[in-house]
Amino acid sequence: MRRNKFNFREFFSLINQLHPQYTKLIVGILLGFVSTGANLFVPQLAQKLINDFRHISLTLAVLTVIIFIAGLITSAFSGVLLGIFGENVVAKLRKKLWQKLLKMPVKYFDNVKTGEISSRLVNDTSQVKELLASTFPNAMTSILQFVGALVIMMAMDWRMTLLMFIAVPLIMLVMMPVMNLSRKIGRVRQDELAKFASDSTDVLGEVRLVKSSNGEEHELAKGSQRIDNLYGIGTKEALINSVTQPITNMLMMLMFLIVLGYGAIRVMNGQITMGALVSFLMYLFQIFGPVIVISQLFTNMAKTSGATERIQQMLSEPEEFDEDKLEKDIETEPLKFEHVDFAYEAGKPILKDINFTTKPNAVVAFAGPSGGGKSTIFSLIERFYQPTAGKILIGDENIEKLDLAKWREQIGLVSQDAAVMPGTIRDNLTYGLHRTVDDKELWRALKMAYADVFVNKMADKLETEIGERGIKLSGGQRQRIAIARAFLRDPKILMLDEATASLDAESEAMVQKALGDLMQGRTTLVIAHRLSTIVDADKIYFIENGTISGAGTHQELLQTTPLYAQYVHDQFK
62 MRRNKFNFRE
72 FFSLINQLHP
82 QYTKLIVGIL
92 LGFVSTGANL
102 FVPQLAQKLI
112 NDFRHISLTL
122 AVLTVIIFIA
132 GLITSAFSGV
142 LLGIFGENVV
152 AKLRKKLWQK
162 LLKMPVKYFD
172 NVKTGEISSR
182 LVNDTSQVKE
192 LLASTFPNAM
202 TSILQFVGAL
212 VIMMAMDWRM
222 TLLMFIAVPL
232 IMLVMMPVMN
242 LSRKIGRVRQ
252 DELAKFASDS
262 TDVLGEVRLV
272 KSSNGEEHEL
282 AKGSQRIDNL
292 YGIGTKEALI
302 NSVTQPITNM
312 LMMLMFLIVL
322 GYGAIRVMNG
332 QITMGALVSF
342 LMYLFQIFGP
352 VIVISQLFTN
362 MAKTSGATER
372 IQQMLSEPEE
382 FDEDKLEKDI
392 ETEPLKFEHV
402 DFAYEAGKPI
412 LKDINFTTKP
422 NAVVAFAGPS
432 GGGKSTIFSL
442 IERFYQPTAG
452 KILIGDENIE
462 KLDLAKWREQ
472 IGLVSQDAAV
482 MPGTIRDNLT
492 YGLHRTVDDK
502 ELWRALKMAY
512 ADVFVNKMAD
522 KLETEIGERG
532 IKLSGGQRQR
542 IAIARAFLRD
552 PKILMLDEAT
562 ASLDAESEAM
572 VQKALGDLMQ
582 GRTTLVIAHR
592 LSTIVDADKI
602 YFIENGTISG
612 AGTHQELLQT
622 TPLYAQYVHD
632 QFK
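Written out as structure tokens, the structure is:
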């Protein structure tokens, strides 16, 4: 259930985590107070100038101009300091969120859309900055201006002030329902924008699937619905704004005319001077601004309340990286699964009582029908997820007790989709390496992966941009770049997840050669449908429905596991 009230403690708890430059905020607000003080003093000087119009004092006129200009300058400096303060806060907040996102476990991203996360990272942080660096300071100076103007007006003429004092609450009372509605719509609009950003990111990220599947009409309908929702919300917002502005202006003008009329009568009766009336009206105008600013404060607070809530939820999510864990060289250690169970969702098991041991430098294959849980085993080894029961050991040590970064440094994964990052070939080869790699070593890795020929033919060679998701490379080329990256990492455990499944015959042959070289001298775990890979493996585990139903060499399984024999017959006939 959503909260409707702004939580100051939660908001400033979030801000204090960032260690902001409060000095700039305080100085900016103080300069705002000085500027407000100058603005409050100007009408008093204007009163004297008007009353002594026939004998204007040059000194008084110059002083009025100086104070007016000084007010503008201090206001400008205040705005600059507050702006810098706000940008500093939002930069720190975005860095904190970005760091948090990169440390979150994979399961978090299974449940939250990437586009929605991006919207929170950009829009919600901007909303926090707007409230802290702009709306709050403006509200504080506006309150000072309102109270200061009111006190001076009371001292000048309590009767006209009382008249105005009755009118302002009446105006606020009339406008309150409209402002409440505006706050609610503002919050709904922000949520709808996040959903639209999320959907559009998902669709554009898979634009080739959309086009190859003739999905344009379907996505157009979905996108149009989102846009129509935003249009409906925007229409309501525009309607409220269009009503609010004229009503506010009309009520303010009505109040001004009443005060002006009453003041004119008092001037004609000799009860106040013309200068006092003009000065009083100047203060009246100074009161209008703060009323609007303070009403905006409540609207922005409502919007920021939701943004703060969502940011705090994100920051409170558990991280996968733990400090002060053990470091262990795993090169000569066996990998063991002991009674491992796993489920992505409670009550829906994916793996059930998995037990196996891999000897160092052996090739272990996992075979079985799709959906049996083979790739999930790899995800557990990478520690993308934690087992729901049982344990995974390297030697006699539970892998959960090992430093995660050091553990992953010793593992190399080459998957079917050959994941690459936007950037150059060089960027992708060295991605994640914490050492300097020269061109000679890069070309050697490319040669070992049978990728040096096609890279050398490219105009920019190592500096060639491969595009988003490596779209400028073929599937086989992407796969060989991924293998070259694995050579550079020199992993102790190599995991191959159907690395040749989606390639044509020529690419598959080259990739298979590269993988054969890469597998030398290291423990290799393979998920493959390729018969030669399975036949050559030191041990094969046949997995179906989340359990190991057979284990042994190819020949042993053919004799002892009828399901394996049938699988081989079906897959490779």
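Position in the sequence shown (from 1) plus 61 gives the number in this note's numbering. All residues carry an ideal CB built from backbone N, CA and C; glycine is no exception. Here the structure is a predicted model, which is why all the values come from computation and not from measurement.
* Going by CA-CA distance only, name the one from M314, I145, I411 and V95 that's closest to P81. => Ranking the options by Cα distance to P81, first place goes to I145.
* Touch check for the stretch 438-449 and the stretch 157-171: three-plus C-beta pairs under 8 Å? -> yes
* Beta-carbon contacts of S476 that lie in its chain and below 6 Å, excluding the five residues immediately before and after -> Closer than 6 Å at the Cβ level, and outside the excluded window around S476, lie D558.
* Under the three-state reduction of DSSP, which class applies to H279: helix, strand or coil? -> helix
* C-alpha gap between A612 and E399, whole angstroms -> If you take the alpha carbons of A612 and E399, they lie about 15 Å apart.
* **Host beta strand (DSSP E) of T186 (start-end)** => Taken as a continuous stretch (DSSP letters only), T186 belongs to no beta strand (DSSP E), being part of the alpha helix (DSSP H) at T186 to E191.
* **Distance between M214 and M225 (C-alpha atoms, nearest Å)** => 10 Å
* Taking the CB atoms as reference points, tell me whether E380 and K161 lie closer together than 9 Å. => Yes, these two residues count as a Cβ contact at 9 Å.
* To do: Output the boundary residues of the alpha helix (DSSP H) element that contains E443.
  => Where E443 is concerned, there is no enclosing alpha helix (DSSP H), given that its DSSP letter is neither H nor E.
* Can you round the beta-carbon distance between G434 and G607 to whole angstroms, since I take them to be within the 8 Å contact cut? -> 5 Å
* To do: Give me the Cα-Cα distance between K85 and L158, rounded to the nearest whole angstrom.
  => 23 Å
* **Straight-line Cα distance separating Y405 from Q286** => 32 Å
* Look at the Cβ atom of L463, then the Cβ atom of K386, and state whether they are nearer than 9 Å. => yes
* Asked: CA-CA distance, F349 and M313?
  -> 8 Å
* **Contacting residues, own chain, Cβ-Cβ under 6 Å from M62 (five flanking each side not counted)** => Confidence in M62 is poor, its pLDDT being 38 and thus under 50, which makes the residue's placement too unreliable to answer from.
* Asked: Leaving out the 5 sequence neighbours to the left and right, which residues in its chain are closer than 8 Å to K256 when beta-carbon positions are compared?
  -> E177 and R287
* **Cβ distance (whole Å) where T202 is taken to contact G93 below 8 Å** => 4 Å
* To do: For N310, count neighbouring Cβ atoms within 10 angstroms of its own Cβ and tell me buried if that reaches 16, exposed if not.
  => If you draw a 10 Å sphere on the C-beta of N310, you find fewer than 16 other C-beta atoms in it, and that means exposed.
* Given a threshold of 16 other Cβ atoms within 10 Å of its Cβ, counted over all protein chains shown, does T656 qualify as buried or as exposed? -> The structure shown does not extend to residue 656, since the chain is modelled only from 62 to 634, so the question has no answer here.
* Asked: Under the rule that 16 or more other beta-carbon atoms within 10 Å means buried, what is W219, buried or exposed?
  -> exposed
* Asked: Okay, do the stretch 133-142 and the stretch 365-374 touch, 3+ Cβ pairs below 8 Å being the bar?
  -> no
* To do: Whole angstroms is fine: what's the gap from A506's alpha carbon to S261's?
  => 38 Å
* Asked: alpha helix (DSSP H) containing T608: first to last residue?
  -> Here T608 belongs to no alpha helix (DSSP H); instead the beta strand (DSSP E) covers T608 to G613.
* Asked: Just how far apart, CA to CA, sit K174 and V183?
  -> 15 Å
* Might you give, ordered along the chain, the residues of its own chain that have their beta carbon closer than 6 Å to the beta carbon of A131, omitting 5 neighbours on each side? => A99
* Asked: What's the gap between the Cα of I87 and the Cα of Q206?
  -> 17 Å
* Across which residues does DSSP place K409 in a beta bridge pair? -> E406
* **First through last residue of the alpha helix (DSSP H) which encompasses L549** => G536 to R550
* Cα-Cα separation between W504 and N489, rounded to whole angstroms -> 13 Å
* Asked: Got a sec? Which residues, its chain only, sit under 6 Å from F359 by beta carbon, not counting five neighbours each side?
  -> Around F359, the same chain offers no residue with a beta carbon nearer than 6 Å, after the five sequence neighbours per side are excluded.
* Give the straight-line distance between the Cα atoms of G295 and R250, rounded to the nearest whole angstrom. => 8 Å
* To do: Go ahead and pull the three-state DSSP assignment for N100.
  => helix
* **Contact set for A282: own chain, Cβ-Cβ below 6 Å, skip 5 residues either direction** => Close CB contacts of A282 within its chain, under the 6 Å cut and outside five residues either way in sequence, are absent.
* **Among L234, M335 and D599, nearest to H615 - alpha-carbon criterion** => D599
* To do: List the endpoints of the continuous beta strand (DSSP E) containing S476.
  => I472 to S476
* Asked: How is V339 classed by DSSP in three states: helix, strand or coil?
  -> Here V339 sits in helix by DSSP.
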